[in-house]
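Let me begin by presenting the structure, written as structure tokens, before commenting on it.
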Amino acid sequence: MTQNVEQSPSAGPAHRYTAELAGTIEQRWREQWRDGGVFHAPNPVGPLQGDGALPAEKLFILDMFPYPSGAGLHVGHPLGFIATDVFGRYHRMNGANVLHTMGFDAFGLPAEQYAVQTGTHPRVTTEKNITRYLEQIATLGLAHDERRRISTTDPEFYHWTQWIFLQIYNSWYDADQDRARPIAELEAEFDSGARALDDGRDWSALSASEKAAVLDDHRLVYESNSLVNWCPGLGTVLANEEVTADGRSERGNFPVYRKQLRQWMMRITAYADRLIDDLDVLDWPEKVKSMQRNWIGRSRGARVAFVAANERIEVFTTRPDTLFGATYMVLSPEHPLVETLTAAAWPAGVDERWTGGAASPAEAVAAYRASIAAKSDLERQEGKEKTGVFLGTTAVNPLSGAEIPVFIGDYVLMGYGTGAIMAVPGHDARDHEFATKFGLPIIEVIGNEAGVVDEAFTGEGPAVNSANAELDINGLGIVEAKAAVIAYLEKTGAGRGTVQYKLRDWLFARQRYWGEPFPIVFDADGAPHALPESDLAVLLPEVEDYAPVAFDPEDSASEPSPPLAKATDWLHVELDLGDGLKDYTRDANVMPQWAGSSWYQLRYVDPTNSEAFCAKENEAYWMGPRPEVNGAQDPGGVDLYVGGVEHAVLHLLYARFWHKVLFDLGYVTSREPYRKLFNQGYIQAYAYTDSRGVYVPADEVVERDGKFFLGEQEVNREYGKMGKSLKNSVAPDDIAREYGADTLRVYEMSMGPLDQDRAWATKDVVGAQRFLQRAWRAVVDEETGAVRVTDETPSDESMRVLHKTIAGVREDYAEMRDNTAIAKLIELTNHLTKAYPGGAPRALAEPLALMLAPVAPHIAEELWNRLGHTESLAHGPFPVAEGQWLVQDTVEIPVQVKGKVRSRITVGADASDEALEAAALADPKIAELLDGAPRKVIVVSGKLVNIVP
Numbered sequence: 001m002t003q004n005v006e007q008s009p010s011a012g013p014a015h016r017y018t019a020e021l022a023g024t025i026e027q028r029w030r031e032q033w034r035d036g037g038v039f040h041a042p043n044p045v046g047p048l049q050g051d052g053a054l055p056a057e058k059l060f061i062l063d064m065f066p067y068p069s070g071a072g073l074h075v076g077h078p079l080g081f082i083a084t085d086v087f088g089r090y091h092r093m094n095g096a097n098v099l100h101t102m103g104f105d106a107f108g109l110p111a112e113q114y115a116v117q118t119g120t121h122p123r124v125t126t127e128k129n130i131t132r133y134l135e136q137i138a139t140l141g142l143a144h145d146e147r148r149r150i151s152t153t154d155p156e157f158y159h160w161t162q163w164i165f166l167q168i169y170n171s172w173y174d175a176d177q178d179r180a181r182p183i184a185e186l187e188a189e190f191d192s193g194a195r196a197l198d199d200g201r202d203w204s205a206l207s208a209s210e211k212a213a214v215l216d217d218h219r220l221v222y223e224s225n226s227l228v229n230w231c232p233g234l235g236t237v238l239a240n241e242e243v244t245a246d247g248r249s250e251r252g253n254f255p256v257y258r259k260q261l262r263q264w265m266m267r268i269t270a271y272a273d274r275l276i277d278d279l280d281v282l283d284w285p286e287k288v289k290s291m292q293r294n295w296i297g298r299s300r301g302a303r304v305a306f307v308a309a310n311e312r313i314e315v316f317t318t319r320p321d322t323l324f325g326a327t328y329m330v331l332s333p334e335h336p337l338v339e340t341l342t343a344a345a346w347p348a349g350v351d352e353r354w355t356g357g358a359a360s361p362a363e364a365v366a367a368y369r370a371s372i373a374a375k376s377d378l379e380r381q382e383g384k385e386k387t388g389v390f391l392g393t394t395a396v397n398p399l400s401g402a403e404i405p406v407f408i409g410d411y412v413l414m415g416y417g418t419g420a421i422m423a424v425p426g427h428d429a430r431d432h433e434f435a436t437k438f439g440l441p442i443i444e445v446i447g448n449e450a451g452v453v454d455e456a457f458t459g460e461g462p463a464v465n466s467a468n469a470e471l472d473i474n475g476l477g478i479v480e481a482k483a484a485v486i487a488y489l490e491k492t493g494a495g496r497g498t499v500q501y502k503l504r505d506w507l508f509a510r511q512r513y514w515g516e517p518f519p520i521v522f523d524a525d526g527a528p529h530a531l532p533e534s535d536l537a538v539l540l541p542e543v544e545d546y547a548p549v550a551f552d553p554e555d556s557a558s559e560p561s562p563p564l565a566k567a568t569d570w571l572h573v574e575l576d577l578g579d580g581l582k583d584y585t586r587d588a589n590v591m592p593q594w595a596g597s598s599w600y601q602l603r604y605v606d607p608t609n610s611e612a613f614c615a616k617e618n619e620a621y622w623m624g625p626r627p628e629v630n631g632a633q634d635p636g637g638v639d640l641y642v643g644g645v646e647h648a649v650l651h652l653l654y655a656r657f658w659h660k661v662l663f664d665l666g667y668v669t670s671r672e673p674y675r676k677l678f679n680q681g682y683i684q685a686y687a688y689t690d691s692r693g694v695y696v697p698a699d700e701v702v703e704r705d706g707k708f709f710l711g712e713q714e715v716n717r718e719y720g721k722m723g724k725s726l727k728n729s730v731a732p733d734d735i736a737r738e739y740g741a742d743t744l745r746v747y748e749m750s751m752g753p754l755d756q757d758r759a760w761a762t763k764d765v766v767g768a769q770r771f772l773q774r775a776w777r778a779v780v781d782e783e784t785g786a787v788r789v790t791d792e793t794p795s796d797e798s799m800r801v802l803h804k805t806i807a808g809v810r811e812d813y814a815e816m817r818d819n820t821a822i823a824k825l826i827e828l829t830n831h832l833t834k835a836y837p838g839g840a841p842r843a844l845a846e847p848l849a850l851m852l853a854p855v856a857p858h859i860a861e862e863l864w865n866r867l868g869h870t871e872s873l874a875h876g877p878f879p880v881a882e883g884q885w886l887v888q889d890t891v892e893i894p895v896q897v898k899g900k901v902r903s904r905i906t907v908g909a910d911a912s913d914e915a916l917e918a919a920a921l922a923d924p925k926i927a928e929l930l931d932g933a934p935r936k937v938i939v940v941s942g943k944l945v946n947i948v949p
């Protein structure tokens, strides 16, 4: 709110550290850093190679790839950027070669939607947004190597995105070697007879097109008829994260339907085990590791085959020991066997609850599918009432031999497991609810006292009611029962022990314009062909209409027609791909926005390389394993990756997958992209809503008598994440203009621990400014501008305060505890102010300036320069604590009588237990409380004396 802003003081002495003076200093030093290439990080090889030997220590710091939003930045955005800058500056001052830069994840829907509305090319909008973004972060004084900036929308960048796509496309996963290999090696093994086809066919007898189809089925990138989120209102397929819990599009609030479409998929499931197991060697928050493990969802259990209408319906279960209790089956409505299993007519005596009121099973299935088409996966799983219809068919339980009815139900998803479940209503809450509604049998197979009639029993107990002529597991515990059932299933051919995953292959196509084109063409028969690397980059064509064809939002039967399908001159090409000129068709889809962000850190390493996406020597230097530092299991990767926890799953999972493929193929030496991950908290702020619940601009609200008003209308105050939607944003460049960029940096870093959310209050920023003003006065005379430091020898007390501060600040900066580092610097500054009102001794002022540099770099450079140093302090030296000043001469020890502290004694730091006891008993306050010699004296060395009278 406007009245809460305490303006930076402008009156006063001519050389006071005000916002105006700070602005002048900050601009000057930013220009000097830029012109001198102060933050350029040399590479081992290539155009960015350094002149001399590289420093012994290197540090690669990465901020999560920002999207250049047209809304600009608010003060919450730079929180992580400033923290990584402080970390990098500290290590640079200690001699490290620090790579820190920033680029832009610039493809995406917002610019395309704006283009649809206005006709402005997305590139124009994107570049304008990037310019605004750079103007804003320029005020922060971030120590970036600007030579390394990239944007995913630059053809020089997406040339290599397309190249990496081709490497993945031209690879297959060798399960025997547990790694990706070039598809050409698989073809060679088929040619030589070293590997046989899975289906028993003779490779040499296949036609060229049949061989190509076999290879396509093995590729890490393949085409599949996939169940996708189709949004007719937007004319595009949406990712799961773009669909609300209500089954509508996040943008536009249009209905979204589940639909089978032919799409590109990436076989990320081949890496499921490695993606889980390698989490153990990463220095990541345990919360994020757990989220990834849960997303991948590795479960050990059994695949079991139920036979119905001569078809095998496979289910996966983690509890094969409960198989005797399976009394019905439920298939996902999208399961490929639904049509085959749907009977021609209802069997005699069918329960009307099972039919959905339809005259035939086919009618029931069609009506049910239509009724749930617009439900999201989340809505289907969390639906309060279980729904479904009977297919008119029964399946045989392979253990009990009972015939059990087969239903379809929306609470079973095709994307999880096999898309079919065996229902054990006695011991699963959802199955129990379904069985109760439809009058299905409920059998107890895990013994318990409560029974299973009223509710499912989900605890542990011995197996009961679980025997047939050849298998009896009654009385066995879970582990023994599971093993026995799996052995029986494998013996009879009815199933096998296996590992299952929730992770599905990655849907890798979007019906949009503003994205990377695929380097794939299709021949007249629809077969895909990879373009040669010499044809990269495949550039986006210019089009007049950026919008996909939009349909009636309720037309679930419509089909996508991407914007690029309108660019017919670009779409249809004549190429010679090795067998003469032929007509081909390009793919009208584009890659998802995840593509560029899955490898961008590698391009930061070598951004100007025109021969490769990244020279291996440069990657090995910046990202290679460091067993000598981190141990034998070090996976390599970026040394520090900082960003929000909202990217804990998808971005990190996709980037790890791409990186592992590149590792398998020998292009990189690190097997993980991000060695250490840190999630910063959010900056929150007050927001205000009117009587309609609509957010109003927070900066226009005023407070009167404890109430809040927009004009004359009273509004409600709430607390939330700062952002455009809540209309409570505060721009960082505005704060920098009002107080100075260093003040903003100090305030944001001092608000609390970096990994916790914190509350923004503009009125409190002035506290950070006053701290910097005190530090300024320790060196500069506010009246004359002259340096006021002295050559006075500091007192022993001051030396102890200084070196205690140095030791603490070094540890805090190294551990990203910037808030406590600043607190220590404030204590030191306050000591100098009180102890040396006429000006601080040089021996104290210089270390203060150096320690300020990571968090307040502009003022620190200015003070260092005014102290007579002509070289920038960006490369140090950072002060080192001297041990002699860290040793205390005396300590204060509390003395207890009957468990209560009655006095304190001051003794030598190395005093013996006997000396402590003697000093305590000699203390007058203690002597008054004792009547003769005490019964017992307990001495805790160096900490406490406890006397029992």
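Letter by letter, the sequence shown follows residues 1 to 949 in our numbering. Backbone N, C-alpha and C fix where the C-beta goes; we use that ideal spot for every residue, glycine too.
So, with DSSP's three-state summary, where would you put residue i?
i	result
P627	helix
P44	coil
I859	helix
Y747	helix
N819	helix
T340	helix
G497	strand
N397	coil
V907	strand
W230	strand
L503	coil
Closer than 6 Å by C-beta to residue i: which residues in its own chain qualify, once you throw out the five before and the five after it? Chain order, please.
i	result
F678	V642
A272	I296, Y501 and L503
R904	E892 and P894
N946	Q896 and I938
Y133	P68
D931	none
Going by beta carbon distance, what residues of the same chain come within less than 8 Å of residue i, once the five residues before and after it are set aside?
i	result
T669	K616, E619, A620, M623, G624, P625, G636 and F663
L539	P155 and P517
D889	G908 and A909
Q381	Y411 and L413
Do residue i and residue j have their C-beta atoms within less than 9 Å of each other?
i	j	result
G409	V304	no
L844	P794	yes
D178	E672	no
A881	H803	yes
E379	D246	yes
Y695	Y688	yes
V445	S466	yes
Please work out which residues of its chain come closer than 7 Å, Cβ to Cβ, to residue i, disregarding the five sequence neighbours upstream and downstream, and give them in chain order.
i	result
I950	Because the chain in this structure spans residues 1 to 949, residue 950 falls outside the shown range and cannot be described.
V86	M749, Y813, D818, P854 and V855
V307	A395 and V396
S151	G103, F104, A106, I130 and F157
Could you pull the DSSP bridge partners for residue i from this structure?
i	result
Y222	M265
V945	V895 and V939
G643	N679
Counting contacts by CB-CB distance shorter than 9 Å, is residue i in contact with chain D?
i	result
E792	Checking the listed chains, one finds no chain D in this structure; it contains a single protein chain.
>> Between the segment 712–730 and the segment 666–680, can you find at least three pairs of beta-carbon atoms closer than 8 Å?
In response: no
> If you pair each beta-carbon of the segment 830–839 with each one of the segment 910–929, do three or more pairs fall below 8 Å?
Replying inline: no
> Any contact of the segment 765–774 with the segment 738–755, i.e. 3+ C-beta pairs under 8 Å?
Replying inline: The segment 765–774 makes contact with the segment 738–755: 3 or more CB pairs, one atom from each, lie closer than 8 Å.
> Does the pairing of the segment 428–435 with the segment 362–369 give three or more beta-carbon distances under 8 Å?
Replying inline: no
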